[in-house]
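Each remark here refers to the structure printed beneath this line.
Protein chains: 2
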Amino acid sequence: MSRKRAPTAETALEMAGSGPSERLTRNLDEVLAYQLRRAQEASFAAFAARVGEAGIWPGWYALLVVINDNPGINQRDLSHAVGRDKSTLTASLRELGKAGLIEKTRDEADQRSFRIALTAAGQRHLAELEFHADAHNKRLDRIIGSRNRTILLQMLRDLADNLSAE
Amino acid sequence: MSRKRAPTAETALEMAGSGPSERLTRNLDEVLAYQLRRAQEASFAAFAARVGEAGIWPGWYALLVVINDNPGINQRDLSHAVGRDKSTLTASLRELGKAGLIEKTRDEADQRSFRIALTAAGQRHLAELEFHADAHNKRLDRIIGSRNRTILLQMLRDLADNLSAE
DNA sequence: TATTGTTATACTCTATAACTATA
DNA sequence: TATAGTTATAGAGTATAACAATA
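Next up, the structure:
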């Protein structure tokens, strides 16, 4: 996780803007899975561009939120919560630790695991990310119309929940 | 693009299913960007699992669609259409060529570029993918309610278009 | 024996930069 | 000089498997 560039972010923004030939993708317009990917990429790129300026690491967001909401969580549960393998957490948590955003303490009851919690700096950092997330969400609201927000969120949650269930 | 496994696909499905501790991610529920990612991942995983069984390469789908709709397209335009750098196309197109799905012929008018088109096999392959995409879309429709499909698609396209524009 | 977390390793996807050949 | 496509290289993100410590 070296922080030099956020390659996918800006570049995706640039490229997407300048379509040279009009509508080469007409027949993908109706493919839900494809539009889902486009929207996700665009949303991520925009969010990354926003927080990138502030020198904040967007990939940490979900991690910080879950830790904040579940202080003392261990890595196994954390990895399940964010849907990634536990092995991928090691590096991220080390970075978060180095940045002074989280604290790991041995679980006295079970010496195999750690209890992870945000430090004060971690809470401030999260607050800053929330601020940007908020601004980003408002931008998305303006695009889709804020009354549609609830519907869209519900549909997305339904999709994720139902497709995963089995 | 060695075809041995489709790691993200099945594994994501498995993991997402068995949440051990309930709702560790409550406060991410309202974060549109996050739910967008979850839905996209789940959708991709489900589609990959479906076509994976049939030995079909889901990453090729968008490429094949665009080529089919724009026979004779060159790599520069193709790369813009799918939103990837031209350098990433080289390998994919080589695979598609090896698989006998596309044909590259020199553009006589401009010897630097190629004209890319689907072969008959490519068209059959695309038809098979479309079949699976169709089934997948129907499954998504059942989840969100088919009347909501149009709305969702519109919102996703709006998001992608507006966020990229600038 | 089973589980938590780490390490070693590998694979996918994508990008940038330098290059070749044409224009 | 500029453009189309290729190659070399790198990095982010993720996974699996083997391992050490602990249960």
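Each protein sequence line maps, in turn, to chains A and B. If you're matching positions, the first sequence starts at 1 in full-length UniProt numbering and goes up one per residue. If you're matching positions, the second sequence starts at 1 in full-length UniProt numbering and goes up one per residue. Ideal Cβ placement from N, Cα and C applies to all residues, glycine included. As the structure is a computational prediction, the values presented were derived from the model and not from experiment.
Residue(s) in a DSSP beta bridge with residue i
i: L118 of chain B; result: B:I102
Backbone secondary structure at residue i - three-state DSSP
i: I73 of chain B; result: strand
i: E130 of chain B; result: helix
i: T11 of chain B; result: Unreliable placement is indicated for T11 of chain B, whose pLDDT of 34 sits below 50; no coordinate value is reported for it.
i: A60 of chain B; result: Here residue 60 of chain B turns out to be Trp, not Ala, going by the sequence shown. Looking at W60 of chain B - three-state DSSP - the assignment turns out to be helix.
i: G97 of chain A; result: helix
i: S87 of chain A; result: helix
i: G145 of chain B; result: coil
i: Q111 of chain B; result: coil
i: L28 of chain A; result: helix
i: R23 of chain A; result: coil
i: G55 of chain A; result: coil
i: H125 of chain B; result: helix
i: Q154 of chain A; result: helix
i: A16 of chain A; result: Any answer about A16 of chain A is weak, because its pLDDT of 38 lies below 50 and its placement is not dependable; what the coordinates show is given next. In the structure shown, A16 of chain A sits in a helix (DSSP, three-state: H, G or I).
i: K4 of chain A; result: Note that K4 of chain A scores 27 on pLDDT, short of 50, meaning its location in the model is unreliable and no value can be drawn from it.
i: E166 of chain A; result: Any answer about E166 of chain A is weak, because its pLDDT of 49 lies below 50 and its placement is not dependable; what the coordinates show is given next. Coil, per DSSP.
Integer-rounded CB distance, given that residue j should sit under 8 Å from residue i
i: R26 of chain A; j: D107 of chain B; result: That belief does not hold up - the Cβ atoms of R26 of chain A and D107 of chain B are roughly 23 Å apart, past 8 Å.
i: R38 of chain B; j: A42 of chain A; result: The pair is not a contact, with the Cβ atoms about 16 Å apart (cut-off 8 Å).
i: A46 of chain B; j: L28 of chain A; result: Actually they do not touch by this definition, with Cβ atoms about 18 Å apart.
i: A81 of chain B; j: I102 of chain B; result: About 15 Å; that fails the 8 Å criterion.
i: H136 of chain B; j: A54 of chain B; result: Between A54 of chain B and H136 of chain B the Cβ distance is about 12 Å, and since that is not below 8 Å, they are no contact.
i: V51 of chain B; j: L163 of chain B; result: With 8 Å as the limit, V51 of chain B and L163 of chain B do not qualify as a contact, their Cβ atoms being about 28 Å apart.
i: Q111 of chain B; j: L89 of chain B; result: Not really, about 19 Å apart at Cβ, beyond 8 Å.
i: L153 of chain A; j: L32 of chain B; result: 6 Å
i: A121 of chain B; j: G100 of chain B; result: 5 Å
i: L126 of chain A; j: V65 of chain A; result: 7 Å
i: D85 of chain A; j: S92 of chain A; result: Actually they are not in contact, since the Cβ atoms of D85 of chain A and S92 of chain A sit about 12 Å apart, beyond 8 Å.
Under 8 Å from the C-beta of residue i: neighbouring residues of chain B
i: H125 of chain A; result: Neighbours of H125 of chain A on chain B: none; closest Cβ ~16 Å, over 8 Å.
Residue i: contacting residues in chain A (beta-carbon distance under 7 Å)
i: I116 of chain B; result: Chain A residues near I116 of chain B: none, gap ~12 Å exceeds 7 Å.
i: Q75 of chain B; result: Result: empty, since nearest Cβ-Cβ is about 13 Å, beyond 7 Å.
i: A46 of chain B; result: L163
i: L140 of chain B; result: L32, L159
i: V65 of chain B; result: N27, L28
Chain B contact residues for residue i, given Cβ-Cβ distances below 7 Å
i: H136 of chain A; result: A33
i: A54 of chain A; result: Chain B residues near A54 of chain A: none, gap ~16 Å exceeds 7 Å.
i: A62 of chain A; result: L28, Y34
Interface residues of chain A facing residue i [CB-CB closer than 8 Å]
i: R157 of chain B; result: D29, Q35, R38, A39
i: L152 of chain B; result: L32, L152, M155
i: A133 of chain B; result: V31, A33
Residue i: contacting residues in chain A (beta-carbon distance under 9 Å)
i: I143 of chain B; result: M155, D158, L159, D161, N162, L163
i: D69 of chain B; result: L24, T25, R26, N27, L28
Partner residues on chain B for residue i, Cβ-Cβ distance less than 9 Å
i: S43 of chain A; result: L32, A33, L36, R37, L159, A160, L163
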